[in-house]
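FYI, in mature numbering (1 follows the signal peptide of the UniProt record, and there is no 0) the residues of the sequence shown are -20 to -1, 1 to 226.
A virtual CB, placed ideally from N, CA and C, is assigned to each residue, including glycine.
No experiment lies behind these values; they were computed from the predicted model shown.
For reference, the structure discussed in these notes is given below.
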Amino acid sequence: MNYLQAFILMLSVLWLSAVAESSNIKNIELKRTLLGHGFHRDLITRLTLPPGIRASLSKPQCTLLLIETLPSGVYADPYQLNSLKLFGGSQILFDSPVNVENAEFLSRSHELYIFVNVSDHFTKDSTNHTEIDVRFPIHARYHKPSPDKTHATVTILHPSLYSNCSESDVTSSITAPCDLSNTSICDWVPLTYLSTSTPLTLYVPVGQESHKPIVILVTLLVSITVSALLVKVMWISQTAKHDKHS
């Protein structure tokens, strides 16, 4: 074997190695599910990492970053998620303040930065797939009454996936907070994945505009009745005090 053949063989090995690593990265699988019913659900994202990608993600301090975009029709409660962290909940950072009281038409989408320490999920057996579950509660917002629909449709798209320990072209990386403390900015490399589920859809009940007069009438009657009862109770109380002192 001459030097040219040896050089070509070496290039072939390097190319095959690069293709294999790229293939492993693309074989990351993502599955999404929603648990619960009504306005309050649990959003679960399962990442399945193939054995071949383990070497590239097993460096110290290797972290995965999921950037989750929640549309205006749903929200995650920052206070609730902060309390869940004390019990091992997901490490989630909000990109902006969230008003949990606003209706859908007064809200906008918001992003969540979800940090996952990969080494916490690897086992000693390097031949098995590694499964990582990210779970947190979300809540549907109230929508405007509709003249013809009983439910509003809210679609949650798949998150973007990044790593801080994968080699890639600098032009393809993004800058985002390094960790939950949000005190510094790091470069994050995008990772491709195979989705085994479709984007999630919630069907949120909405009021009917045709019911508006009835709702107004019932609300008015209840308000008048309650006010009358309060006045009666106050009058009886004052009368009893007057009789007691006389």
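Keeping to the same chain, check which residues put their C-beta closer than 6 angstroms to that of residue i; ignore five residues upstream and five downstream.
i: K124; result: F85
i: L174; result: E9
i: C42; result: V98, C145
i: L15; result: D22
i: R88; result: S52
i: Y122; result: A83
i: F67; result: none
i: Q71; result: F95, L160
Could you check what DSSP says for residue i in three-state terms: helix, strand or coil?
i: T176; result: coil
i: V78; result: coil
i: F19; result: coil
i: N62; result: helix
i: K39; result: coil
i: V134; result: strand
i: V169; result: strand
i: K11; result: strand
i: R34; result: helix
i: S140; result: strand
i: S99; result: helix
i: residue 249; result: As shown, the chain starts at -20 and ends at 226. That puts residue 249 outside it, with no answer to give.
i: S217; result: helix
i: P193; result: helix
i: V198; result: helix
i: F67; result: coil
i: P89; result: Note on residue identity: the sequence assigns Ser, not Pro, to residue 89. Coil.
i: S152; result: helix
i: S2; result: The predicted position of S2 is uncertain, since its pLDDT is 44 and thus under 50; no value can be drawn from it.
i: S52; result: coil
i: S146; result: coil
i: S161; result: coil
For residue i, which option in the options has the closest C-alpha, if you only look at C-alpha atoms?
i: T135; options: S177, Y93, Y183, I24; result: Y183
i: S143; options: L137, P157, T133; result: P157
i: P58; options: I47, L27, F67, L92; result: L92
i: D113; options: V202, V211, L27; result: L27
i: V54; options: K212, T155, V80; result: V80
i: I154; options: L45, T13, I33, L29; result: L45
i: T110; options: S177, V78, F74, I33; result: I33
i: L29; options: L141, K65, L50, S76; result: L141
i: N62; options: L50, T13, F116, F102; result: F116
i: T13; options: T181, M214, L73; result: T181
i: S163; options: I194, S217, H17, L73; result: In the sequence as presented, Ser is not what sits at residue 163; that position holds Thr. The shortest C-alpha separation from T163 is found at L73.
Whose C-beta lies closer than 8 angstroms to the C-beta of residue i among residues of the same chain, with five residues either side of it excluded?
i: H131; result: Y183, V184, P185, V186
i: N108; result: P31
i: F19; result: H119, A120, V184
i: M152; result: The amino acid at residue 152 is misidentified as Met; the sequence shows Ser. Contacts found: V169, P170.
i: D75; result: H90, E91, L92, Y93
i: V198; result: none
i: S177; result: L10, K11, R12, T13
By Cβ distance, which residues of its chain are closer than 7 angstroms to residue i, with the 5 residues on each side in sequence left out?
i: D159; result: F95
i: P139; result: T25, L46, I47, E48
i: I204; result: none
i: P179; result: T135, I136, L137, H138
i: residue 231; result: Absent from the structure is residue 231, since the part of the chain shown begins at -20 and ends at 226.
i: F102; result: R34, S38, T110
i: T133; result: T181, Y183
Touching by the beta-carbon criterion (3+ pairs, under 8 angstroms), the segment 8 to 22 and the segment 158 to 176 | Touching, yes.
Taking contact to mean at least 3 C-beta pairs separated by less than 8 angstroms, is the segment 88 to 103 in contact with the segment 23 to 42?
-> Taking 8 angstroms as the limit for Cβ pairs, the verdict is that the segment 23 to 42 does touch the segment 88 to 103.
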